[in-house]
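Counted from 1, the sequence shown has number 233 at position 233 by the UniProt record's numbering; the numbering is strictly sequential. Virtual Cβ for every residue (Gly too), placed ideally from N, Cα, C. As structure tokens, the structure follows; a few thoughts come after it.
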Amino acid sequence: VCMLCRQAQADPEICGYLVIRRGFCAHVFCLCFANNIAAEPVQEGALGFHYEDIQRGIEEAAQKNCCVCRQSGAAITCQETGCECSFHLPCATKGGCIAQYFVPFRAFCREHRPQQVVEATPEKDTTCLVCMDPVDKQLSYITMVCPVCRHAWFHRECIQGQALHAGISAFQCPLCRNRGKFLREMLTLGIHVPRRPPAWEETHAVLPLLQRHSRCDASECLCPRGRQWAEEDG
């Protein structure tokens with residue numbers, strides 16, 4: 001169980017994989033977002049984290065209750081100056097909070113989270129480009145729009161699924177195909193875009209496409225040498 005979020009069944013796409021070192025057990029993104037646990041290129045630390053900082057972060061989190069689930073162990077505090085709202089990383093989306101998955105890994109509560117500043121309003125009966133279900137009548141935490149074309153509307157949960165599937169190299173607006181500005185906007189708004197190849201380029205998915213078909217599929221093969229025979233040049 002992660003010693004920061006204290007959840008055994010947390011989504012690895014949100015919290016990352018478990019880091020187990022010297023008696024510590026924590027999700028890598030729980031470490032990245034936790035208060036006062038800075039990642040540095042140190043030889044002794046787990047992935048660049050000082051063990052002393054991790055221990056201190058765990059002890060401090062034990063004194064704070066999550067503003068979403070009300071349980072202790074809230075290791076992440078809103079980055080807005082003066083705000084004391086803390087939460088667990090797996091609780092962020094449930095509570096309308098935002099975690100920005102890029103250095104310096106900042107997180108914000110429901111009240112202080114970044115908002116989309118785009119002059120766009122969905123037309124009547126506008127649906128999500130991903131799931132085709134209706135979207136809200138205006139921009140909100142769960143309803144988002146492409147900042148470039150301003151015509152691609154989608155749910156936060158749906159575009160998050162697209163981001164996890166596409167990876168950072170292929171993530172783009174599902175309508176206008178813009179990548180640069182669209183990616184920056186989604187990252188700022190808390191969409192996790194993993195640094196990995198698209199799911200469709202994984203070895204097990206691409207391998208069949210790389211194999212040459214070498215058998216005649218005609219119902220009645222007329223080749224005297226059989227279905228498997230082929231000339232060297234064709």
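Problem set entry | Where A99 sits in the DSSP three-state scheme | Strand at A99.
Exercise. Between L183 and P114, which are expected to be in contact by the criterion C-beta below 8 Å, what is the C-beta distance as a whole number of angstroms?
Worked result: Going by Cβ atoms, the distance from L183 to P114 rounds to 15 Å, so no, they are not a contact pair.
Exercise. With C-beta atoms as the reference, is A166 less than 8 Å away from M186?
Worked result: It is not a contact, given that the beta carbons lie outside the stated cut-off.
Exercise. Enumerated in chain order, which unbroken segments of the beta strand (DSSP E) with a length of 3 residues or greater are wholly contained in the UniProt domain "PHD-type" (1-113)?
Worked result: Counting whole runs of 3 or more residues, the UniProt domain "PHD-type" (1-113) contains the beta strand (DSSP E) stretches 18-21 and 24-27.
For this session: Please report how far the alpha carbon of Q2 lies from the alpha carbon of C158, in whole angstroms.
Result: Note on residue identity: the sequence assigns Cys, not Gln, to residue 2. Between the C-alpha atoms of C2 and C158 there is a straight-line separation of about 27 Å.
Exercise. Which class does F182 belong to by DSSP, given the choice of helix, strand or coil?
Worked result: It is helical.
Exercise. Taking the alpha-carbon positions, what's the A26 to A152 distance?
Worked result: A straight line joining the alpha-carbon of A26 with that of A152 spans about 37 Å.
Exercise. Shorter than 8 Å from the beta carbon of F105 to some beta carbon of chain C?
Worked result: Here chain C cannot be found, since the structure has a single protein chain.
Exercise. If C78 and G95 are in contact, beta carbons under 8 Å, what's the gap, nearest whole angstrom?
Worked result: In fact, because the Cβ distance is near 11 Å, the residues do not count as touching under 8 Å.
Problem set entry | Close beta carbons around E80, own chain, < 6 Å, minus the five adjacent residues each side | For E80, where only same-chain residues beyond five positions count, the Cβ hits under 6 Å are H112.
Exercise. Where does H165 fall in DSSP's three states?
Worked result: In this structure, H165 counts as helix in the three-state DSSP scheme.
For this session: Could you check which residue in R179, Q55 and C146 has the C-alpha nearest to that of G23?
Result: The shortest C-alpha to C-alpha distance from G23 to any of R179, Q55 and C146 is the one to Q55.
Exercise. Is it a yes or a no for the segment 98-111 touching the segment 169-179, going by three-plus beta-carbon pairs under 8 Å?
Worked result: These segments do not touch.
For this session: Using only alpha-carbon positions, find the residue among C85, H88, I142 and N35 that is nearest to Q116.
Result: Selected option, being the one with the closest Cα: I142.
Exercise. By how many angstroms is the C-alpha of R21 removed from the C-alpha of Q160?
Worked result: Their Cα atoms are separated by approximately 30 Å.
Problem set entry | A61 vs L4 beta-carbon contact at 8 Å | Against a cut-off of 8 Å, the Cβ pair of L4 and A61 comes out as a contact.
Exercise. What is the rounded straight-line gap between the Cα of C146 and the Cα of R225?
Worked result: Looking at the two C-alpha atoms, the distance is approximately 58 Å.
Problem set entry | With 16 other Cβ atoms within 10 Å as the buried cut-off, status of G234 | For G234, the predicted structure reports a pLDDT of 46, less than 50, and the residue's modelled location is therefore unreliable. A value from the coordinates is still provided. Exposed, since its Cβ has fewer than 16 Cβ neighbours within 10 Å.
Problem set entry | Helix, strand or coil at T188 according to DSSP, with G and I counted as helix | In the three-state reduction of the DSSP assignment, T188 falls in the helix class.
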